[in-house]
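In this note's numbering, the protein residues as written are 1060 to 1222.
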């Protein structure tokens, strides 16, 4: 509802009182959206410490590391998410592709994101929008404007272009 500080306060109470991994994860999500990646990292690390088998916690920890430019740590966290939950691999491959773009390995990122599209279920509209949007970004970086436009069109056809 746009009340981030109130949400942080309430999730903070839950996290401290119940040592709740899901509350720490929610706190991290709010912090990451607010551009506070170092704080988000600490929250996600708390979630992972409490529940190390939750792949989403590792994936979002990877996003926090990526936002800080700690790309090796980001890749390691996302690869752990992939190991823990290969059935959601398309989502984690999207994150891995974003990391590879930042690492400057555009060919590897293209292969990773293409695999993400292949694995994404047809009913995963939001996930597909994210992946197509990331592919558009990648093709723009590669100077392939025709393919970038095609990816943007695919994303638009599924819904609002992400990010």
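Note that CB positions come from ideal geometry on N, CA and C, so glycine has one too. Quick caveat: nothing in here was measured; it's all calculated off a predicted structure.
| Asked | Found |
| --- | --- |
| Using the Cα positions of residue 1104 and residue 1186, report the straight-line distance between them to the nearest angstrom. | 24 Å |
| Please classify residue 1222: is it buried, with 16 or more other beta-carbons within 10 angstroms of its beta-carbon, or exposed? | Residue confidence for residue 1222 is low, a pLDDT of 45 falling below 50, so the modelled location carries little weight and cannot support an answer. |
| What's the gap between the Cα of residue 1079 and the Cα of residue 1143? | 20 Å |
| When we look at the beta-carbon of residue 1146 and count the other beta-carbons within 10 Å, is it buried (16 or more) or exposed? | exposed |
| Rounded to whole angstroms, what is the Cα-Cα separation between residue 1220 and residue 1198? | The predicted model places residue 1220 with a pLDDT of 44, which falls under 50 and marks its position as unreliable; any figure quoted below should be read in that light. For residue 1220 and residue 1198, the distance between alpha carbons rounds to 15 Å. |
| With distance defined between alpha-carbon atoms, name the residue in 1196, 1081, 1210 and 1132 nearest to residue 1165. | 1196 |
| Considering only residues of the region 1128-1180, which uninterrupted alpha helix (DSSP H) runs meet the minimum length of 4 residues and lie entirely inside it, listed in chain order? | 1130-1143, 1148-1162 and 1165-1178 |
| Would you identify the three-state DSSP class for residue 1186, choosing helix, strand or coil? | helix |
| Ignore the nearest five residues each way along the sequence and tell me which others in residue 1162's own chain have a CB closer than 7 Å to its CB. | 1130 |
| Classify residue 1182: buried if its beta carbon has 16 or more other beta carbons within 10 angstroms, exposed otherwise. | exposed |
| Just reading off the alpha helix (DSSP H) that residue 1206 is part of, what are its end residues? | 1204-1217 |
| Following a CB-centred definition, is residue 1159 positioned closer than 7 Å to any heavy atom of the ligand GDP? | Summarising the ligand content, the structure contains no ligands, and the ligand GDP is consequently not present. |
| With 16 other CB atoms within 10 Å as the buried threshold, where does residue 1208 fall? | exposed |
| What would DSSP say about residue 1222, mapped onto helix, strand or coil? | Reliability of the predicted coordinates at residue 1222 is poor, the pLDDT of 45 falling under 50, and the value obtained from them is presented with this limitation in mind. Here residue 1222 sits in coil by DSSP. |
| What does the alpha-carbon distance come out to for the pair residue 1110 and residue 1121? | 16 Å |
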